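Student:
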Amino acid sequence: MTVKPADRPVLGIALMLGALFLFVLMDSAIKASVQSLPVLQVLWARFLFHMLIVSAALRLMGRRLPPRTGAARLQVVRSLCLAAANLFFTAALVHVPLAECVAIGFVSPLIVTLLAARMLKERVGWQRWTGILVGFAGVLIILRPGAGVTHPAALFVLVTAAVFAVYSVLTRRLAGIDDAFTTIFHTGVAATGVTSLVVPFVWVWPSAGGWALLALLGMLGGVGHFLLILAYQRAQASVLAPFAYTQMVWATLAGFLLFGELPDAVAVAGAVVVAAGGLFVLWAETRGAAKQA
Numbered sequence: 001m002t003v004k005p006a007d008r009p010v011l012g013i014a015l016m017l018g019a020l021f022l023f024v025l026m027d028s029a030i031k032a033s034v035q036s037l038p039v040l041q042v043l044w045a046r047f048l049f050h051m052l053i054v055s056a057a058l059r060l061m062g063r064r065l066p067p068r069t070g071a072a073r074l075q076v077v078r079s080l081c082l083a084a085a086n087l088f089f090t091a092a093l094v095h096v097p098l099a100e101c102v103a104i105g106f107v108s109p110l111i112v113t114l115l116a117a118r119m120l121k122e123r124v125g126w127q128r129w130t131g132i133l134v135g136f137a138g139v140l141i142i143l144r145p146g147a148g149v150t151h152p153a154a155l156f157v158l159v160t161a162a163v164f165a166v167y168s169v170l171t172r173r174l175a176g177i178d179d180a181f182t183t184i185f186h187t188g189v190a191a192t193g194v195t196s197l198v199v200p201f202v203w204v205w206p207s208a209g210g211w212a213l214l215a216l217l218g219m220l221g222g223v224g225h226f227l228l229i230l231a232y233q234r235a236q237a238s239v240l241a242p243f244a245y246t247q248m249v250w251a252t253l254a255g256f257l258l259f260g261e262l263p264d265a266v267a268v269a270g271a272v273v274v275a276a277g278g279l280f281v282l283w284a285e286t287r288g289a290a291k292q293a
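Below, the structure written as structure tokens:
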């Protein structure tokens, strides 16, 4: 099935904002889960419950299982990218505050802009390149290399950002091939398969509350990625990228309310610099569109 991505940027942005809010809730559930369960087990549960919830929803809608894809290889690569991104991010959450992880992860939208130029042939002007450089400078402020302040696990978030950027670009590419329901199903297929091979070696039996939390994070992830797919079907990857910075607000609130964490002044300053890079890109794009109108 071929799906032509629509050019509805406002709706795409709204869907993106909803997805990012759910991702912060999911990250909070993951951070709580890894306090008592192995990282790989939490990752396995995240994708297993994702698959169960999405499969049930598709059956209720009368859709066939598994839904047929027009790009099986891309779907597998995308699913494995998400699994790798989740693995590194979850490992970082064990040692690094939630808000700081999200702040460092802000570099991902900038990498998306880079990849969109190469893989999706989207035009990237000097304004976007400026935003990318400013964003990377902000990440360096947060990490403070050589200062010994940030836990080394924060580097896992940089790996997460790079891999998730590839995932985001593949999401945009698949938007022109498969519909959202097909892609949201295949999001968890390869990831569930790979993690199922290793989870028996690290298994710890969860409590009743632990099972509920694992099911919750799977549901949040499934719905969040469904909204993300819809967003990329309605707007260019480079248009959506700057709005990832809204996560910092929710992550700071969640970190404080649930875990008693607050980012220090330097981390906040770095996050502001990264966000400024993205917002500059947004301003330049809006100004350019107004001139062309």
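FYI, in full-length UniProt numbering the residues of the sequence shown are 1 to 293. Quick reminder that beta carbons are idealized off the backbone N, C-alpha and C, glycines included. Bear in mind the structure is a predicted one, so any value in this text is a computation, not a measurement.
If you run the structure through DSSP and keep just helix, strand and coil, what is residue 220?
Tutor: Taking the sequence shown and counting its residues from 1, one reaches residue 220 at position 220. Looking at residue 220 - three-state DSSP - the assignment turns out to be helix.
Student: Could you check how far apart the C-beta atoms of residue 23 and residue 247 are, in whole angstroms? I think they sit under 8 Å.
Tutor: For the purposes of this step, residue 23 is taken as the residue at position 23 of the sequence shown. For the purposes of this step, residue 247 is taken as the residue at position 247 of the sequence shown. Rounded, the Cβ-Cβ distance is 7 Å, consistent with contact.
Student: Out of 234, 269, 273, which one is the CA nearest neighbour of residue 7?
Tutor: Along the sequence shown, read from residue 1 onward, the residue named residue 7 stands at position 7. That would be 234, whose Cα lies nearest to the Cα of residue 7.
Student: Less than 6 Å between C-beta atoms, sequence neighbours within five positions excluded: which residues of the same chain meet that for residue 188?
Tutor: Taking the sequence shown and counting its residues from 1, one reaches residue 188 at position 188. 47, 50, 51, listed in sequence order.
Student: If we count the other Cβ atoms within 10 Å of its Cβ and call it buried at 16 or more, is residue 61 buried or exposed?
Tutor: Numbered from its first residue, the sequence shown carries residue 61 at position 61. Residue 61 comes out exposed.
Student: Would you give the residue range spanned by the alpha helix (DSSP H) that residue 9 belongs to?
Tutor: Here the question's residue 9 lines up with position 9 in the sequence shown. Residues 9 to 33.
Student: So, for residue 27: in the same chain, excluding its five sequence neighbours on each side, which residues have a beta-carbon less than 8 Å away from its beta-carbon?
Tutor: Taking the sequence shown and counting its residues from 1, one reaches residue 27 at position 27. These residues qualify, in order along the chain: 89, 93, 98, 101, 102, 251, 254.
Student: So, for residue 336: in the same chain, excluding its five sequence neighbours on each side, which residues have a beta-carbon less than 7 Å away from its beta-carbon?
Tutor: Residue coverage of the chain in this structure runs from 1 to 293, which leaves residue 336 outside it and unanswerable.
Student: So, with DSSP's three-state summary, where would you put residue 206?
Tutor: Within the sequence shown, the letter at position 206 stands for residue 206. Three-state result, residue 206: coil.
Student: With a threshold of 7 Å on Cβ separation, who are the neighbours of residue 221 within its own chain once the five nearest residues in sequence on each side are excluded?
Tutor: Residue mapping note: residue 221 aligns to position 221 of the sequence shown, counting from 1. The residues are 26, 46, 50.
Student: Could you pull the start and end residues of the alpha helix (DSSP H) that residue 50 belongs to?
Tutor: As a position in the sequence shown, residue 50 is number 50, starting the count at 1. Residues 39 to 60.
Student: Check whether the region 64 to 76 and the region 196 to 212 are in contact - that is, three or more C-beta pairs closer than 8 Å.
Tutor: no
Student: Are residue 153 and residue 108 close, meaning C-beta to C-beta below 8 Å?
Tutor: Indexing the sequence shown from 1 puts residue 153 at position 153. Indexing the sequence shown from 1 puts residue 108 at position 108. Not in contact: residue 153 and residue 108 (Cβ atoms no closer than 8 Å).
Student: Go through the UniProt domain "EamA" (153 to 282) residue by residue and report every complete run of the beta strand (DSSP E) that reaches 3 residues or more, in order.
Tutor: none
Student: Whether or not the region 168 to 187 and the region 70 to 85 are in contact is what I'm after, with contact meaning three or more pairs of Cβ atoms, one per stretch, closer than 8 Å; do they touch?
Tutor: yes
Student: Assuming the contact rule is C-beta atoms closer than 8 Å, residue 240 and residue 16 should be a hit. Round their C-beta distance to whole Å, please.
Tutor: If you number the sequence shown from 1, residue 240 lands on position 240. If you number the sequence shown from 1, residue 16 lands on position 16. Confirmed, Cβ separation roughly 5 Å.
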